[in-house]
Amino acid sequence: TVRPGTEPVVLPVTRTAVSLLPGAATTMLTFGGTFPGPTVIARPGQVVDIDVVNELDEPAVLHLHGAHVAAAHDGHVRDLIPTGGQRRYTFDNAQRAAHLWYHDHLLMRTAERVYRGLAGSYLLVDQAHDGLGLPNGDERDIPVALTDKTFDADGQLVYDPVGHTGFLGDVVLVNGVDRPVLTVEPGLLRLRILNASNARPYRLGRADGMPLVQVGTDGGLLATPASRGEVEVWPSERVDLLLDLSRMGDGDRVVILDAGVGDLMAVDVTGGPAEPAILPTSLGPAPDLDPPEVVRTITLDEHGGRFLLNGHGFDDAIRDVYARLGAVERWRLVNTTSFGHPIHLHLVSFLVRQRTSSGVALPLRPEDEGWKDTVLVRAFETVELDARFADHLGDFMYHCHVLEHEDHDMMSQFRVV
Ligand code: C2O
Ligand code: CU
Ligand code: CU
Numbered sequence: 015t016v017r018p019g020t021e022p023v024v025l026p027v028t029r030t031a032v033s034l035l036p037g038a039a040t041t042m043l044t045f046g047g048t049f050p051g052p053t054v055i056a057r058p059g060q061v062v063d064i065d066v067v068n069e070l071d072e073p074a075v076l077h078l079h080g081a082h083v084a085a086a087h088d089g090h091v092r093d094l095i096p097t098g099g100q101r102r103y104t105f106d107n108a109q110r111a112a113h114l115w116y117h118d119h120l121l122m123r124t125a126e127r128v129y130r131g132l133a134g135s136y137l138l139v140d141q142a143h144d145g146l147g148l149p150n151g152d153e154r155d156i157p158v159a160l161t162d163k164t165f166d167a168d169g170q171l172v173y174d175p176v177g178h179t180g181f182l183g184d185v186v187l188v189n190g191v192d193r194p195v196l197t198v199e200p201g202l203l204r205l206r207i208l209n210a211s212n213a214r215p216y217r218l219g220r221a222d223g224m225p226l227v228q229v230g231t232d233g234g235l236l237a238t239p240a241s242r243g244e245v246e247v248w249p250s251e252r253v254d255l256l257l258d259l260s261r262m263g264d265g266d267r268v269v270i271l272d273a274g275v276g277d278l279m280a281v282d283v284t285g286g287p288a289e290p291a292i293l294p295t296s297l298g299p300a301p302d303l304d305p306p307e308v309v310r311t312i313t314l315d316e317h318g319g320r321f322l323l324n325g326h327g328f329d330d331a332i333r334d335v336y337a338r339l340g341a342v343e344r345w346r347l348v349n350t351t352s353f354g355h356p357i358h359l360h361l362v363s364f365l366v367r368q369r370t371s372s373g374v375a376l377p378l379r380p381e382d383e384g385w386k387d388t389v390l391v392r393a394f395e396t397v398e399l400d401a402r403f404a405d406h407l408g409d410f411m412y413h414c415h416v417l418e419h420e421d422h423d424m425m426s427q428f429r430v431v
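In structure tokens:
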């Protein structure tokens, strides 16, 4: 964990041996020598400089996913750090408290580079939220990155994406560990789940059948805690879960599982007893935006075995949308393909307004609630979202966050003017 002060955070991009499996050293690409990279914890409004030093023999670039940031610091695919080079990214963090994450964004190479380790969490923690009684930027507030990997007999990573689904690994790691056990005292525990996998969606639940309590999403806290039997998390989505362990005692265990994979992690309770926790009933204001002044249609297409946006691959000469600075726009994402795509917009947080299929309205997903930066558009669905294109001019990317789709070739850009 890094809590930046006035000095820049230095993040070397390196090739490093990391211990993922017992008895093996796996060669990875890292930000800062660990996998995941160090968690950066800052306050909304705090200016943070990150100096990325590229020690690889190929270019590197850092993107802070979920940041409302000036285009020059957004990790555009044309803003590369050459081998041996260094670059300072400045984040003014003028946005709500939320779980952001940083990752590499090399054009047509993002999938393999993120798979090999170039990712980490970045928490914006607001002290004004201390009064809610939730763990808040402390040792009971834990970023949990889910990634799926395949290993060879020597414990080295295998990367072989096949077919249309994107890469699916054999083993799901939780913060780089296979089925970790976390031991804590009774009380509340906040798990900030990040799906940092290339392509695998998770359907999270508790092994004991008790509901999960979701308190936050991509863009920060929900207006009220939501009880969910299962929580679906697509690549790059974040869900902030609250476990009430206050009524548990020494030796009790809570297991978090994925509906397809099985057990992911366990939390063991030790010590106690504790005071029963009181969960807040309200977490903050309901999200709100003015009505959109323009409606855009963006198509998700498939051509010749590749997925595309608006019928074309990434072309730095093409901007699909010119958005007026400060305007609220409605984007209709029309999926003409038989695959689901988690679509991510840089720069903005948005609200999911509507889902339809063949003109028939569908219920929103529970996970659509709150400020989002990635939304699942299921096969043949149309999703409408509203966003305000503030506070920065310039070019920003948007893309599918199944990283193999992003690379080939489901990425494009918009310009704020
Ligand atoms: Cu995680 Cu271009 O984004
Ligand atoms: Cu992003
Ligand atoms: Cu996709």
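Numbered per the UniProt record's numbering, the sequence shown spans residues 15 to 431.
Where a beta carbon is used, it is the ideal one built from N, C-alpha and C, also for glycine.
None of the values given here were measured: they were computed from a predicted structure.
Proximity annotation: ligand 3 has residues 355, 414, 416, 419 in chain order, each selected because its CB is closer than 5 Å to a heavy atom of the ligand. If only complete runs of 3 or more residues are kept, the segment 152 to 221 shows the beta strand (DSSP E) at 155 to 165, 185 to 188, 195 to 198, 202 to 209, 216 to 220, in order along the chain. The beta carbon of residue 309 sits closer than 7 Å to those of 344, 346, all from its chain and outside the five residues before and after it, given in chain order. With a minimum length of 3 residues, the unbroken runs of beta strand (DSSP E) contained wholly in the UniProt domain "Plastocyanin-like" (319 to 431) fall at 320 to 323, 335 to 337, 342 to 349, 355 to 359, 364 to 371, 374 to 376, 388 to 391, 395 to 402, 408 to 414, 425 to 430. At a Cβ-Cβ threshold of 7 Å, residue 313 and residue 350 count as neighbours. Burial state of residue 270 is buried, judged by a 10 Å Cβ sphere holding 16 or more other Cβ atoms. Bounds of the alpha helix (DSSP H) holding residue 125 are 124 to 129. Between residue 287 and residue 239, the alpha-carbon positions lie close to 25 Å from each other. For residue 50, the closest of 132, 367, 426, 304 by C-alpha to C-alpha distance is 132. Within the DSSP secondary-structure output, residue 30 pairs in a beta bridge with 42.
In this structure, the alpha-carbon of residue 140 lies about 12 Å from that of residue 108. The straight-line gap separating the alpha-carbon atoms of residue 323 and residue 335 is approximately 12 Å.
Relative to ligand 1, even the nearest heavy atom lies 6 Å or more away from the CB of residue 352. Sorting 193, 33, 417 by C-alpha distance to the C-alpha of residue 168 places 33 at the top.
Ranked by Cα distance from residue 364, the first of 45, 96, 234 is 234. Look at the beta carbons and you see the segment 64 to 73 not touching the segment 210 to 224: under three pairs across the two are nearer than 8 Å.
Taking a cut-off of 8 Å for Cβ pairs, the segment 188 to 199 and the segment 277 to 284 touch, as three or more such pairs fall below it. Classified as buried, residue 411 has 16 or more neighbouring CB atoms from the shown chains inside 10 Å of its CB. When secondary structure is reduced to three states using DSSP, residue 100 falls in the strand class. Within the same chain, and ignoring the five residues on either side of residue 260 in sequence, the residues whose Cβ sits closer than 6 Å to its Cβ are 200, 201, 288, 290, 291. Straight across, the Cα-Cα distance linking residue 311 with residue 258 is about 43 Å. Checking the DSSP bridge columns, you'll see residue 133 partnered with 117. For the 7 Å CB-CB criterion, residue 304 and residue 366 do not form a contact. Residues 55, 139 of the same chain have their beta carbon placed closer than 6 Å to that of residue 151, with the five preceding and five following residues left out of the count. Spatial neighbours of residue 123 in its own chain (CB-CB distance under 7 Å, excluding positions within 5 residues in sequence) are listed in chain order as 421. For residue 113, the shortest C-beta to heavy atom distance toward ligand 2 is 6 Å or greater.
By the C-beta density criterion, residue 255 is buried, having at least 16 other C-beta atoms within 10 angstroms.
The Cβ atoms of residue 89 and residue 114 do not sit closer than 7 Å to each other. Taking one beta carbon from each stretch, the segment 354 to 363 and the segment 392 to 409 have 3 or more pairs nearer than 8 Å; the two touch. With a cutoff of 7 Å on beta-carbon distance, residue 294 and residue 203 are scored as not near each other. Judged by beta-carbon spacing, residue 413 lies beyond the 7 Å limit of residue 249, meaning their Cβ atoms are not closer than that value. Residue 58 and residue 110 do touch by the CB rule: their CB atoms are close to 6 Å apart, below 8 Å.
For residue 317, the enclosing beta strand (DSSP E) has its first and last residue at 308 to 317. DSSP places residue 68 inside the beta strand (DSSP E), whose first and last residues are 62 to 68. The criterion of a C-beta distance shorter than 7 Å is satisfied by residue 208 and residue 159. Remark: C-beta atoms of residue 297 and residue 218 do not approach each other more closely than 7 Å.
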